[in-house]
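>
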Ligand code: SAH
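Numbering (the numbering used here), first residue to last: 587 to 819.
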């Protein structure tokens, strides 16, 4: 499989010098040699075939050959979530990238736990997931908002509510696959009665993900899977 690397570069570049970190990854970890081909990409330049050259112990250049995938718009998909424990969060980030999330919106709720988030580490995880799944763009992680701010900020969002007489999500999804979609999932402990009440009095659309009570990360991925499939039709 061709190595894909997310890099900052412009489509008009002829060559790209490797950063220390990328040189380490390509030359030491993957043991690539001069003449090897890799793909570099980002959301504005698209994906380009490059040849590795001018290799020294710690350095190298990528010479751009041809564009293998032009830049294209990805429909906006927001996942609004309450931060989870480290392993569950890493799992959710990776899978949500594969399922097309463009924006991660952390949310503070009555039952949400406080977990530290290391922005650099998260960005690395997101880039790795994007490189693996053939997307062009790295999702953004937005500043956290409280639940009442979420309600005001995303008036058209879908909110997953368990044990609630809500429409199955698959039937509530918009028929136009290009429309932005915002999907809200509660914390491990669910939403508090106060928050459910607030959601019901708002313009949010309550949706069901089936009869069983899913863990927060499962609920997020089931919902994102439905959006992903609706967009692939
Ligand atoms: N601890 C709670 C469940 C929380 S599940 C309890 O036992 O009552 C975590 C979140 O996943 C919920 O807030 C909800 O957004 C979502 N969720 C889980 N199962 C769901 C279902 N069947 N339908 C809709 N949303 C669900």
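From the three backbone atoms N, C-alpha and C, an ideal C-beta is built for every residue, glycine too.
Quick caveat: nothing in here was measured; it's all calculated off a predicted structure.
Here's the rule I'm using: 16 or more other beta-carbon atoms within 10 Å means buried, otherwise exposed. How should residue 749 be labelled?
exposed
> Consult DSSP for residue 804 and reduce its assignment to one of helix, strand or coil.
helix
> Looking at the structure shown, is residue 726 part of a helix, part of a strand, or coil, going by DSSP?
It is a strand residue.
> Would you be able to state if there are at least three C-beta pairs under 8 Å between the region 724 to 736 and the region 804 to 811?
no
> Indicate the three-state DSSP secondary structure (helix, strand or coil) for residue 819 in the structure shown.
Looking at residue 819 - three-state DSSP - the assignment turns out to be coil, as it is neither helix nor strand.
> Report all residues from its chain with a CB closer than 6 Å to the CB of residue 821; omit the five preceding and five following residues, and keep chain order.
One cannot answer for residue 821 here, as it falls past the ends of the chain, which runs 587 to 819.
> Tell me whether the region 687 to 699 and the region 621 to 631 touch, counting them as touching only if at least three CB pairs, one residue from each stretch, are closer than 8 Å.
For the pair of segments examined, the region 687 to 699 was found not to touch the region 621 to 631: the number of CB pairs separated by less than 8 Å stays below three.
> Assuming residue 680 contacts residue 715 under a Cβ cut-off of 8 Å, what Cβ separation, rounded to an integer in Å, is found between them?
5 Å
> Assuming residue 657 and residue 764 form a contact by the criterion Cβ under 8 Å, report the distance between their Cβ atoms to the nearest whole angstrom.
Not really, about 16 Å apart at Cβ, beyond 8 Å.
> Does the beta-carbon distance from residue 616 to residue 589 come in below 8 Å?
yes
> First and last residue of the alpha helix (DSSP H) that includes residue 625?
In this chain, residue 625 is not harboured by any alpha helix (DSSP H); it is covered by the beta strand (DSSP E) spanning 623 to 628.
> For the region 734 to 741 against the region 780 to 792, do three or more pairs of beta-carbon atoms, one drawn from each stretch, fall closer than 8 Å, so that the two count as touching?
A contact exists between the region 734 to 741 and the region 780 to 792.
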